[in-house]
Amino acid sequence: MFSVTQNEVNVMHRPDQRETFIQPKFIKVIEGPKLRSGTSTAVGFIPAGALIPDGYIIPWFDTRSKKGYQRLPQDPRINQLAGDLRKDRTDLPTAVLLNIRNVDERHIIKDGRIQLANGSDPNSQVKFYIVDGQHRILALRKLMDEDKDRWAHFMVPFVCLLGATEEEEMTQFYIVNSTAKSVKTDLALSLLRRRADTDADVYQQLQERGREWQVDGQKVVERLATESGIWKGRIRLPSMEKGETTISSTSLVSSLKPLLSSPYFKGLRPEIQLKVLDAFWHGVRSLLRPVFDAPTEHVIQKGVGVIVMHAILPDVLERVRSLGLSTVEPASYAQILKDVVSDLEGENAEGNPVRGLEFWATAPRGAAGSYSSSAGRRVLQAKLRQLLPEIESD
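Counted from 1, the sequence shown has number 83 at position 73 by the working numbering; the numbering is strictly sequential.
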């Protein structure tokens, strides 16, 4: 979760004690402002054991009765969050949104406390409806099933509506889930890279999920943006205006996934990876100089061009190495790709055959843009691979 801030609030850290949990009779709260509807609110912290297993209700949407509004929970999200909490890798600083239906705030709150026992029946427990935050609650339930005496003490921050109807709950659910804006992917990757630089556990966690290539790729892309003569001013980093840039850092990072998954390139030191990429693109530029001199009029440095060229780079590296050539010299790549770029051909938007330099021109003059879909990129990659020279054996 890229947007979560892990901070200093002690009650949000894993509880260390394994004591028998005693159900509290009340929860201390601070009364908040009323909603526009007049519904009262309160905020506070509640131990997981006061909610789980019998103190909450999730109003899932029923297609037959048309009651409820929550989508069904996603087990992968629950399991991932439970695993992160179990390994002390995350906190839960954001509040869940609850509601106690059919109550009068004057009866449910006394002296800054929510009474957890029903006033008319001291043995019955108040039920909290989970308006938003079901995956957090269900992750804690999973942990309590494993070790109740430990996780029942986990303190959950909450905002609670007091006496809201299901319609009011639905309105608040819609507001929370339709107006919240997620962090843009380019910024999220940049923040993830910074976190991994300062916390080894973050990188280990990514490795366990097969996502370390995102951090590795972000590091390479940030250096290309500042150190490569070809890519300086062409990569759109977070919060940058488009200007003369031709590709976002997110697209460039994604294009590196096949390369960063290949054994040879993955095993190189970051500074050598940077040299290999820079040499590769300098080699390509030496064969297609007019294309690079007018980057906005061609697609070689845009999404489709970058994705297909990086996809075939592992194949190109095999040939460079089989010939005993240097992987950090542009001439090595020019030697392998000379016939590839000159013989590559296709039809432009007008149905005319184009090849070489003209192939990479933007539509309608060029043909490369017609391969911009996922299926199209696979076809273009196959065409490029077919044009590569055969690997020479000993």
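Cβ coordinates follow ideal geometry from the N, Cα and C atoms, glycine included.
Give every residue of the same chain whose Cβ lies closer than 6 Å to the Cβ of residue i, excluding the five residues on either side of it in the sequence, and list them in chain order.
i, result
"G366", "S352"
"S382", "V314"
"A206", "V212, Y213, V225"
"G78", "P69, W70, F71, D72"
"D288", "S238"
"C170", "A52, L108"
Compute the beta-carbon to beta-carbon distance between residue i and residue j, rounded to the nearest angstrom, for a pair I have assumed lies under 8 Å.
i, j, result
"P260", "Q311", "The sequence shown places Thr at residue 260, rather than the Pro named in the question. The pair is not a contact, with the Cβ atoms about 15 Å apart (cut-off 8 Å)."
"V166", "A92", "At roughly 14 Å, the Cβ-Cβ gap does not stay under 8 Å, so V166 and A92 are not in contact."
"Y66", "I140", "6 Å"
"L150", "I62", "6 Å"
"K158", "F55", "Rounded, the Cβ-Cβ distance is 19 Å, inconsistent with contact."
"L269", "P324", "6 Å"
"V326", "L347", "7 Å"
"E99", "Q215", "Residue identity differs from the one stated: residue 99 is Arg in this sequence, not Glu. Going by Cβ atoms, the distance from R99 to Q215 rounds to 6 Å, so yes, they are a contact pair."
"A105", "F164", "Actually they do not touch by this definition, with Cβ atoms about 14 Å apart."
"L278", "V230", "About 11 Å; that fails the 8 Å criterion."
Hey, out of the options, whose CA is closest to residue i's CA?
i, options, result
"V314", "V193, S384, K158", "S384"
"A415", "I346, V318, R375", "Nothing about residue 415 can be reported from this structure: the residues present for the chain run from 11 to 404 only."
"D72", "Q80, T104, L347", "Q80"
"K252", "T306, A371, H163, R395", "T306"
"V330", "F302, I317, C170, V286", "V286"
"Q396", "L61, V350, I32, D211", "V350"
"R96", "D114, G48, R74, R160", "R160"
"G48", "R387, G173, P83", "G173"
"D121", "A52, I401, E357", "A52"
"K276", "V316, I317, E222, V318", "E222"
"P399", "I322, F138, I240", "I322"
"Q84", "L148, R74, F138, P103", "L148"
"D196", "L284, R246, R87, I119", "R246"
"K137", "D64, L102, D101, I185", "D64"
"R219", "S75, N89, I240, R244", "N89"
"V316", "I240, P103, F183", "I240"
In or out: residue i buried (at least 16 other Cβ within 10 Å) or exposed?
i, result
"N109", "buried"
"E254", "exposed"
"H308", "buried"
"P280", "exposed"
"V39", "buried"
"M250", "exposed"
"D303", "exposed"
"L262", "buried"
"E368", "buried"
"R28", "exposed"
"L82", "exposed"
"T15", "Reliability of the predicted coordinates at T15 is poor, the pLDDT of 33 falling under 50, and the value obtained from them is presented with this limitation in mind. So T15 ends up on the exposed side."
"K191", "exposed"
"D155", "exposed"
"H117", "exposed"
"R388", "exposed"
"L333", "exposed"
"S271", "exposed"
"I282", "exposed"
"S75", "exposed"
"A210", "exposed"
"I119", "buried"
"R299", "exposed"
"S50", "buried"
Give a yes or no on whether 8 Å exceeds the smallest Cβ distance from residue i to chain B.
i, result
"L269", "You won't find chain B in this structure, because it holds only one protein chain."
Excluding five sequence neighbours on each side, which residues of the same chain lie with their C-beta closer than 7 Å to the C-beta of residue i?
i, result
"F12", "Below a pLDDT of 50, predicted positions are generally treated as unreliable, and F12, at 30, falls in that range; the measurement from the model is reported next regardless. Correct list, in chain order: V193, A198, L201, L202."
"A344", "G293, S296, L297"
"F36", "R123, I124, Q125, L126"
"S336", "S342"
"V301", "H308, I310, L367, W370"
"P340", "A289, H292, G293, S296"
"P363", "E355, E357"
"Y274", "L327"
"G379", "V309, V314, T372, A373"
"L153", "A92, L95, R96, W161"
"A377", "G356, E357, N358, V364, F369"
Could you name the residues of the same chain whose beta carbon sits closer than 8 Å to that of residue i, not counting the 5 residues immediately before and after it, in chain order?
i, result
"T236", "K242"
"L114", "Looking at the sequence shown, residue 114 is not Leu but Asp. Cβ neighbours of D114 beyond the five flanking positions: G173."
"N187", "D142"
"V318", "Y381, R387, L390, Q391, L394"
"Q228", "L199, S200, L202, R203, S259, V263"
"A60", "Q33, P34, I37, L126"
"H320", "S265, L266, P268, L269"
Taking 7 Å as the cut-off, is the CB of residue i close to at least one heavy atom of the ligand SAH?
i, result
"K242", "The ligand SAH is not among the ligands present in this structure, which contains no ligands whatsoever."
Inset, instruction - Say whether the segment 107-121 touches the segment 167-187, bearing in mind that this needs 3 or more beta-carbon pairs closer than 8 Å, one atom from each stretch. - result: yes
Legend entry - Touch test, the segment 28-44 against the segment 144-153, Cβ-Cβ under 8 Å, three pairs minimum: no
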